[in-house]
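Be aware that the sequence shown starts at 1, since it is given in full-length UniProt numbering, and climbs by one per residue.
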Amino acid sequence: MGEIGSDRSAIKRIKKEYALLEGEKNEKDRKDSTLRYIKIVPFISGDLFTWEAYLTAPEDSVYKGGVFKLLISFSSEYPFKPPKITFQTPIYHPNINSSGMICIDILGKEWSPALTLNSVLLSLLTLLDDPNADDPLRPEVADIYKTNKEEYRLRCQESARKTVENKK
Numbered sequence: 001m002g003e004i005g006s007d008r009s010a011i012k013r014i015k016k017e018y019a020l021l022e023g024e025k026n027e028k029d030r031k032d033s034t035l036r037y038i039k040i041v042p043f044i045s046g047d048l049f050t051w052e053a054y055l056t057a058p059e060d061s062v063y064k065g066g067v068f069k070l071l072i073s074f075s076s077e078y079p080f081k082p083p084k085i086t087f088q089t090p091i092y093h094p095n096i097n098s099s100g101m102i103c104i105d106i107l108g109k110e111w112s113p114a115l116t117l118n119s120v121l122l123s124l125l126t127l128l129d130d131p132n133a134d135d136p137l138r139p140e141v142a143d144i145y146k147t148n149k150e151e152y153r154l155r156c157q158e159s160a161r162k163t164v165e166n167k168k
């Protein structure tokens, strides 16, 4: 019975998150908000627990022009356990590996049920240009970030360019 209760809690919270996102999407000042860089596609294939999101890098980003697809999977224990979020689009980043796994505290030990999907996605958007090179999933990328910012910037731009080319 506990599992059914947790399913109900998860479903209730996911529906609440969806309603919040819809409300924010319709706000007139969204164009002035960081949220304009995030597009969420809920209920992939009719599955309440599986969503997609697209992060569009801002104009001042090293990933300028890049659009990165994410897969979001909620468990029946959500919001007491974080959603699983992975990059589906390859990206050159010290905290995101080639499988799309993300190293960020709020999706692990710093997770709190008070966090919303929006706040997590905004944190990921921030992580793009402010990586944590001291806790990398890709140490070789972190080394380049620390020692050769220009090389790092060029590789990030190439990564972003590929997201556009792959859409064609």
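C-beta: ideal position from N, C-alpha, C; glycine also.
On a predicted model such as this, the values are computed, not experimentally measured, just so you know.
- [ ] Under 6 angstroms Cβ to Cβ from W111, same chain only, skipping five residues before and after it: list those, please.
- [x] Hits under 6 angstroms: P82.
Open item on the list: Along the chain, where does the beta strand (DSSP E) containing T50 start, and where does it finish?
Closed with: Residues 50-56.
Task: Proximity winner among D135, D47, P79, Y92, relative to Y63 (alpha-carbon distances) - done: Taking only the C-alpha atoms, the option nearest Y63 is Y92.
Task: Secondary structure of G2, DSSP reduced to three states - done: Residue placement at G2 is poorly supported in this model, since its pLDDT is 41, which falls under 50; the coordinates are not used for a value here.
Task: CB-CB length for N95 against L127, believed under 8 angstroms - done: Between N95 and L127 a beta carbon distance of about 6 angstroms is seen, short of the 8 angstroms cut, so the two are scored as contacting.
Open item on the list: Using only the alpha-carbon positions, how far apart do T163 and S99 sit?
Closed with: Rounded to the nearest angstrom, the two C-alpha atoms are 16 angstroms apart.
Task: Beta-carbon proximity list for K69, same chain, < 6 angstroms, skipping 5 on both sides - done: Same-chain partners within the cutoff: Y54, Q88, T89.
- [ ] Assign V141 to buried or exposed, taking buried as 16 or more other Cβ atoms, counted over all protein chains shown, within 10 Å of its Cβ.
- [x] V141 is buried by the Cβ-count criterion.
TODO: Report the rounded CA-to-CA distance for N132 versus D60, giving the unit in angstroms.
DONE: If you take the alpha carbons of N132 and D60, they lie about 19 angstroms apart.
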